[in-house]
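Following our numbering, the numbering of the sequence shown begins with 6 at its first residue and continues without gaps. What follows is one structure encoded as structure tokens, with my remarks underneath.
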Amino acid sequence: MKTSASPDVAWLEREYNNRARVPEHAVHFERWARDSALARTRGPALLDVSYGHGPGETLDIFRAPRKPGTPPAPVLVFIHGGWWRSLDKSDHSFIAPPFVQQGACVVVPNYALCPAVSVPDITLQMVHALAWVYRHIGAHGGDPDRITVVGHSAGGHLAAMMLACDWSMVGDDLPLALVKNALSMSGLFDLEPVMQTPSVQVSLQLTAEQVAKASPARLPAPPLREGRGELTAVVGAEESSEFLRHNRLIRQAWGQHVVPVCEALKGLNHFSIVDALANPQQRLHKMVRALLGV
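What follows is the structure, encoded as structure tokens:
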């Protein structure tokens, strides 16, 4: 990132305005919505399950088919992006079918959107969503001891925050290794330049205090322990220099032992990387399957 007494606002706007960088973004959104509606009709899906009592605190569960007596399924929790201010879980149901077909249980949570809430508020909502998944996913055929979190963009930030969470502070019944491993796609790991980007900050209303406590790269690296894996950090090679920098930054901050995979995926931009996640032929999809063990 460029540094100076006064940030180069025009440069920040170019770096962080992904919709302007990808003029065909609306085509992606339309396809996501269409394919997601189809995925929900084909099921089996349990929609709008409450994980809390606040606005937006619902999730969708896509259960893997299981024969009686077989082990529970690994769990993929997918957190959507949208700058913490837009999009919805219903736009991302299409992520689920390819993983369900391979034997995974997929959970897609929602969260309230800025500016009605803050980024730290949303982070706590995802903490509550993951705690709910650990406590209840067994009733839906999922294995609470095999939870992988994947997130895109703002969701990539939240996925890293879930890996860094101290679950002992959340509930006595929760294991320290609640999140087995995580994968961040196009994640944002230092919120200071985001705070300095006017078109985003108008909705997020970030403060310096929030930047300090909600930037993964400013937090201690999550300790590796038995049953708790690492963070995989990926970004589209065609994304802006700032998104490429964020991807490198989290490895620099947390170390290669915690972030063993840090890659820019060829041919992908900020939106096509989500399509790649749902495409069984793509390297990204195979990376997530490897994390799930399916």
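We treat Cβ as the ideally placed atom computed from N, Cα and C, and that holds for glycine.
Within its own chain, the residues whose Cβ lies closer than 6 Å to the Cβ of I127, once the five positions on either side in sequence are excluded, are W89 and Y116, listed in chain order. Out of V293, M292 and S277, the CA that lies nearest to the CA of R36 is found in S277. By the criterion of a C-beta distance shorter than 7 Å, L224 is surrounded in its chain by A169, once the five residues flanking it on both sides are discounted.
Annotation: the continuous alpha helix (DSSP H) that includes P125 extends over V124 to H141. At the C-beta level, P149 and G156 stay beyond 7 Å of one another.
Put simply, the stretch 202-216 does not touch the stretch 23-31. Fewer than three CB pairs are less than 8 Å apart. Excluding five sequence positions before and after V239, the CB atoms of its chain that fall closer than 6 Å to its own CB belong to M190, E268 and L270, given in chain order. Here DSSP, grouped into helix, strand and coil, assigns V27 to coil.
In this structure L81 touches A109 by the C-beta definition: roughly 5 Å separates them, less than 8 Å. Counting of Cβ neighbours within 10 angstroms places E247 among the buried residues, the total reaching 16 or more. DSSP lists V113 as the beta-bridge partner residues of D65. Annotated three-state conformation of T75 is coil, per DSSP. Restricting attention to alpha helix (DSSP H) runs no shorter than 4 residues, the stretch 160-235 encloses them at 197-200, 203-209 and 213-219, ordered along the chain. The beta-carbon separation of V184 and L135, rounded to 7 Å, stays under the 8 Å limit for a contact.
For P102, the closest C-alpha among the options H33, P77, A69 and Y21 is that of A69. For S158 against D96, the beta-carbon gap comes to about 13 Å, at or over 8 Å, which does not count as contact. Taking 7 Å as the cut-off, the Cβ atoms of I100 and G160 do not count as close. Sixteen is the threshold: when 16 or more other Cβ atoms of the shown chains lie within 10 Å of the Cβ of K94, as they do, the residue is buried.
Boundaries for H275: no beta strand (DSSP E) harbours it, and the DSSP string shows neither H nor E there.
DSSP links H157 through a beta bridge to M190.
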